[in-house]
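Participant:
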Amino acid sequence: MAVAKTWVFAEIIDGKPVPAVLELLTKARSLGGTVEAVAFSPQAEAAATTLGEFGATTLHAGTDAAYGELVLGGPAADALATLAGEHKPDLILIASTYLGRDVAGRLAARLDVPVIANGLDVSGDGEVSVGSSIFGATQNVTTAFEGGKPAIALIRPKSFVAESGGGGAATVSPVAATIDDKHRGARLIEHRTEESSGPKLEEATVVISGGRGLGDPKNFEVLEQLATLIGGAVGASRAVVDAGWVPYSMQVGQTGKTVKPEVYIAVGISGAMQHTVGMKGAKTIVAINRDADAPIFKLADLGVVGDALKILPQVIEQIKARKG
Amino acid sequence: MNVVVCVKQVPDPNSTGQLDPSSHLLKRDGELVLDPGDEFGVEAGLQLAEKHGGEVTVISMGPERGLDAVRKALAMGAARGVLISDDSLRGSDALSTAKVLAAAIGKQEFDVVITATESTDGYTGVVPQMLAGLLDIPAITFAKSVSYEGDTLKVERQTETGIEVIEAKLPVVLSVTAGVNEPRYPSLKGIMGAKQKPMERPTPADLGVEGVGGASARQTITAVEAAPERAAGEILQDDGEAAKRIVDFLSSKKVI
Ligand SMILES: Cc1cc2nc3c(=O)[nH]c(=O)nc-3n(C[C@H](O)[C@H](O)[C@H](O)COP(=O)(O)OP(=O)(O)OC[C@H]3O[C@@H](n4cnc5c(N)ncnc54)[C@H](O)[C@@H]3O)c2cc1C
Ligand SMILES: Nc1ncnc2c1ncn2[C@@H]1O[C@H](COP(=O)(O)O)[C@@H](O)[C@H]1O
Chain A
1 MAVAKTWVFA
11 EIIDGKPVPA
21 VLELLTKARS
31 LGGTVEAVAF
41 SPQAEAAATT
51 LGEFGATTLH
61 AGTDAAYGEL
71 VLGGPAADAL
81 ATLAGEHKPD
91 LILIASTYLG
101 RDVAGRLAAR
111 LDVPVIANGL
121 DVSGDGEVSV
131 GSSIFGATQN
141 VTTAFEGGKP
151 AIALIRPKSF
161 VAESGGGGAA
171 TVSPVAATID
181 DKHRGARLIE
191 HRTEESSGPK
201 LEEATVVISG
211 GRGLGDPKNF
221 EVLEQLATLI
231 GGAVGASRAV
241 VDAGWVPYSM
251 QVGQTGKTVK
261 PEVYIAVGIS
271 GAMQHTVGMK
281 GAKTIVAINR
291 DADAPIFKLA
301 DLGVVGDALK
311 ILPQVIEQIK
321 ARKG
Chain B
1001 MNVVVCVKQV
1011 PDPNSTGQLD
1021 PSSHLLKRDG
1031 ELVLDPGDEF
1041 GVEAGLQLAE
1051 KHGGEVTVIS
1061 MGPERGLDAV
1071 RKALAMGAAR
1081 GVLISDDSLR
1091 GSDALSTAKV
1101 LAAAIGKQEF
1111 DVVITATEST
1121 DGYTGVVPQM
1131 LAGLLDIPAI
1141 TFAKSVSYEG
1151 DTLKVERQTE
1161 TGIEVIEAKL
1171 PVVLSVTAGV
1181 NEPRYPSLKG
1191 IMGAKQKPME
1201 RPTPADLGVE
1211 GVGGASARQT
1221 ITAVEAAPER
1231 AAGEILQDDG
1241 EAAKRIVDFL
1251 SSKKVI
């Protein structure tokens, strides 16, 4: 049995859907029913072409300028709840980004339906069910929705590979919902982007991540050097993000980014399960750690027991020498 | 400013979790501790109340055994606690949890409700927004810094791409990240005093909530299986050759 109507919540940044939205649309197409997108952004309509190409036939678009000036999760969830009441989707897929989580929780409360979080897969055979993994991705669980529609699933980015469906632009259907005054009390005053040079963490073919074992924030410069040399991106464990060594945008793991590079190099990272869920999908893993018992070695294709601060500069020298 | 902080009792985060093979519920028979993430919430609440006048109430839903975990928040300085324990609440999903907490919060006077961004054992990360939806107030999530001036709460929040600066009128639900502050250690005096502080123990019926708990959960785990393990790799001791091995490896993967 297919899912008759699947909605994908389309988060829009700078007039473009974020990559995870295209991944969800790709998956939604395979569920067999109608696929539609819902977006709340003054620039939502600009996304109709891309959303259509990846599978949405209709784009329900809320384009009130206020969506760009408020904490978006609240008004978006309330409008989505009203809209879902009218159009009765069977399943709403939401990427577990910051905004996605804000929307999903409030939406579930408004509609009085459950939400399944941390999803990695979704299936529409019989009851809609969501696959996820627990305990540091050592066990896979399948959770089925039982009654209560729509089913709401929060899916981690990078769970599916986005593929164009070759469709034309989605038909834009304007959303009329008004924004309640209580939401106007929470305003977005400023957005400071944390810029980084080089490839994006989520897109890089090599990711070099540092942890507390680097000992000092200054030592991240060595990772930066290596990254520049081989065209990689630098990531980090939460321990060093919380300590303020590097910005949050570099965090890999359960509460950070999910990366799936060709090679992931973990330097001075113990391999706590909350870290490994964000990098376990890498093709190959290299780990450098002083402690032979560090759990990260269980995942490593190549593990080196030793002092990262000694080894990394040698690695850099040798690569330079090879490059000539 | 009166603050309600939601705190969860969780199994010791340093031990690996286990599912009960028959019920598929998380085994929680070991010792329960105050979720380390919630210590940041308690600290944030205390700082707001100390600076702007008012009191902190901590609210937790969880088993009796977790009483000491909740008392830790009182030892840190919260004025009173509310612990909702009931057998029927076992196996609650996030929405059930939020309904119970929201009902308990509704009985308090509050300007701000604080949670952590996600619990250490459940990590659905949706309870804060559900609370905001049920209380019908805005949620500001992933706060990295919080201050209050005039009648405006100023919050810097994390996003994937950087920091958003938010200004909000009260009341709001606020979820705080680890790193928002440096949680204080309970003092000896605080620990002694915590036992004397009021601890309410309402039942779900006292709070007027129905249709919550495991029996009315509308999601069930239908399968659990071991994830495929990665094939074992090569682990070597650095004897001066390790750097070369790494470079060879990178070059065999064609990244250099
Ligand atoms: C709800 C929740 C969510 C979380 N989310 C995340 C997340 O998204 N991402 C994340 O990363 N973590 C997350 N964590 C934290 C996680 O549990 C770990 O605490 C964290 O990953 C540890 O970081 P670390 O490996 O850098 O530090 P540590 O665990 O302290 O490890 C440091 C390692 O460095 C090694 N070392 C020391 N010196 C050297 C040296 N000279 N050379 C080589 N090695 C050395 C040590 O042997 C050690 O293994 C989360 C935790 C919770 C509770
Ligand atoms: N049973 C509970 N009692 C009190 N607070 C809770 C409970 N469950 C969740 N919370 C709060 O909500 C946050 C997010 O939880 P979760 O959605 O489970 O990841 C937690 O960090 C707590 O602050």
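Read top to bottom, the protein sequences are chains A and B. For the first sequence, position 187 matches number 187 in the working numbering, and the numbering has no gaps at all. So the number in the working numbering is just where the residue sits in the second sequence, counting from 1, plus 1000. For every residue, glycine included, the Cβ atom is placed at its ideal position computed from N, Cα and C. From a predicted model like this one, the values you see are computed outputs, not experimental measurements.
For Gly1176 of chain B and Lys323 of chain A, I'd like the C-alpha separation in whole angstroms.
Facilitator: Just to set this straight, residue 1176 of chain B is Val in the shown sequence, not Gly. Looking at the two C-alpha atoms, the distance is approximately 46 angstroms.
Participant: Could you pull out every residue in the same chain whose Cβ sits closer than 6 angstroms to the Cβ of Ala153 of chain A, ignoring the five residues on either side in sequence?
Facilitator: Cβ neighbours of Ala153 of chain A beyond the five flanking positions: Leu93, Ile116, Gly119, Val122 and Val130.
Participant: May I ask whether a heavy atom of ligand 2 can be found less than 6 angstroms away from the beta carbon of Val1126 of chain B?
Facilitator: Yes, Cβ of Val1126 of chain B sits closer than 6 angstroms to a heavy atom of ligand 2.
Participant: Beta-carbon separation of Ile288 of chain A and Gln225 of chain A under 7 angstroms?
Facilitator: Contact flag unset, no.
Participant: May I ask you to report which of helix, strand or coil DSSP gives Thr171 of chain A?
Facilitator: Thr171 of chain A falls in the strand class under three-state DSSP.
Participant: In the structure shown, what three-state DSSP assignment does Tyr1123 of chain B receive?
Facilitator: Residue state, collapsed to three classes: coil.
Participant: 7 angstroms is my cut-off, CB to CB: does Phe9 of chain A come that close to chain B?
Facilitator: Cβ-Cβ to chain B under 7 angstroms: no for Phe9 of chain A.
Participant: Pull up the DSSP beta-bridge partners for Ile316 of chain A, would you.
Facilitator: Paired residues: none, contrary to the question.
Participant: Whose C-alpha, out of A:Ser133, A:Thr171, A:Glu203 and A:Met279, is nearest the C-alpha of Gly210 of chain A?
Facilitator: Comparing Cα positions, the closest option is A:Met279.
Participant: Ligand 2 and Thr1177 of chain B: does the residue's C-beta get closer than 6 angstroms to at least one heavy atom of that ligand?
Facilitator: No, Cβ of Thr1177 of chain B sits at least 6 angstroms from all heavy atoms of ligand 2.
Participant: Identify whether Met1001 of chain B lies in helix, strand or coil by the three-state DSSP scheme.
Facilitator: It is coil, neither helix nor strand.
Participant: Which residues does DSSP pair with Arg192 of chain A in a beta bridge?
Facilitator: Answer is B:Ile1163, bridged to Arg192 of chain A.
Participant: I'd like to check one pair, Glu1055 of chain B with Leu302 of chain A: are the Cβ atoms closer than 7 angstroms?
Facilitator: Cβ atoms of Leu302 of chain A and Glu1055 of chain B: not closer than 7 angstroms.
Participant: Considering only residues of the same chain and omitting the five flanking positions on each side of Lys200 of chain A, which have a CB-CB separation below 8 angstroms?
Facilitator: Contacts found: Ala233.
Participant: Report yes if the C-beta distance between Ala77 of chain A and Leu107 of chain A is below 7 angstroms; otherwise report no.
Facilitator: Taking 7 angstroms as the Cβ cut-off, Ala77 of chain A and Leu107 of chain A qualify as a contacting pair.
Participant: Here's the rule I'm using: 16 or more other beta-carbon atoms within 10 Å means buried, otherwise exposed. How should Thr26 of chain A be labelled?
Facilitator: Buried, since its Cβ has 16 or more Cβ neighbours within 10 Å.
Participant: Since Pro199 of chain A is in the alpha helix (DSSP H), which residue starts that stretch and which ends it?
Facilitator: First-last for Pro199 of chain A: undefined, no H or E at that position.
Participant: Between the alpha carbons of Ser1088 of chain B and Gly1214 of chain B, how many angstroms are there, rounded?
Facilitator: For Ser1088 of chain B and Gly1214 of chain B, the distance between alpha carbons rounds to 7 angstroms.
Participant: I need the boundaries of the alpha helix (DSSP H) containing Asp180 of chain A, first residue and last residue.
Facilitator: First-last for Asp180 of chain A: undefined, no H or E at that position.
Participant: Under 6 angstroms: does the beta carbon of Gln254 of chain A sit that close to some heavy atom of ligand 1?
Facilitator: Flag set: Cβ of Gln254 of chain A near ligand 1.
Participant: Count the other C-beta atoms from every protein chain shown that fall within 10 angstroms of the C-beta of Arg238 of chain A, then say buried if there are 16 or more, exposed otherwise.
Facilitator: Per the 10 Å Cβ criterion, buried.
Participant: Using 6 angstroms as the cut-off, classify the Cβ of Thr1120 of chain B as near or not near the heavy atoms of ligand 1, replying yes or no.
Facilitator: Yes, Cβ of Thr1120 of chain B sits closer than 6 angstroms to a heavy atom of ligand 1.
Participant: Should Gly268 of chain A be listed as close to ligand 1, given that the test is whether its C-beta is under 6 angstroms from any heavy atom?
Facilitator: Because some heavy atom of ligand 1 lies under 6 angstroms away, the Cβ of Gly268 of chain A counts as near it: yes.
Participant: Output, in chain order, the set of chain B residues within a Cβ distance shorter than 7 angstroms of Ser249 of chain A.
Facilitator: Simply Glu1160, Thr1161 and Gly1162.
Participant: Could you check if Ser237 of chain A belongs to the surroundings of ligand 1, using beta carbon to heavy atom distance under 6 angstroms?
Facilitator: Within the cutoff, so yes.
Participant: Ligand 1 heavy atoms versus the CB of Gln314 of chain A: any closer than 6 angstroms?
Facilitator: No, since every heavy atom of ligand 1 falls outside the 6 angstroms radius drawn around the Cβ of Gln314 of chain A.
Participant: Say yes only if the C-beta of Gln274 of chain A is nearer than 6 angstroms to one or more non-hydrogen atoms of ligand 1, and no if none qualify.
Facilitator: Answer for Gln274 of chain A: yes, Cβ within range of ligand 1.
Participant: In this structure, what does DSSP give as the bridge partners for Asn1181 of chain B?
Facilitator: Per DSSP, none; premise fails for Asn1181 of chain B.
Participant: Closer than 9 angstroms by beta-carbon distance: list the chain A residues that pair up with Asp1087 of chain B, in chain order.
Facilitator: Simply none; closest approach about 21 angstroms.
Participant: When you compare the CB of Arg1230 of chain B with every CB in chain A, is at least one pair closer than 7 angstroms?
Facilitator: Answer yes: the Cβ-Cβ gap between Arg1230 of chain B and chain A drops below 7 angstroms somewhere.
Participant: Taking 6 angstroms as the cut-off, is the C-beta of Gly1045 of chain B nearer than that to any heavy atom in ligand 2?
Facilitator: Incorrect: Gly1045 of chain B has no Cβ contact closer than 6 angstroms to ligand 2.
Participant: Whole angstroms are fine: how far does the CA of Ala79 of chain A sit from the CA of Glu86 of chain A?
Facilitator: Roughly 11 angstroms between the two C-alpha positions.
Participant: Can you find a CB in chain A that lies within less than 7 angstroms of the CB of Gly1125 of chain B?
Facilitator: Taking Cβ atoms only, chain A reaches closer than 7 angstroms to Gly1125 of chain B, which makes this a yes.
Participant: Any heavy atom of ligand 1 closer than 6 angstroms to the beta-carbon of Arg1184 of chain B?
Facilitator: False, no ligand heavy atom lies under 6 angstroms from that Cβ.
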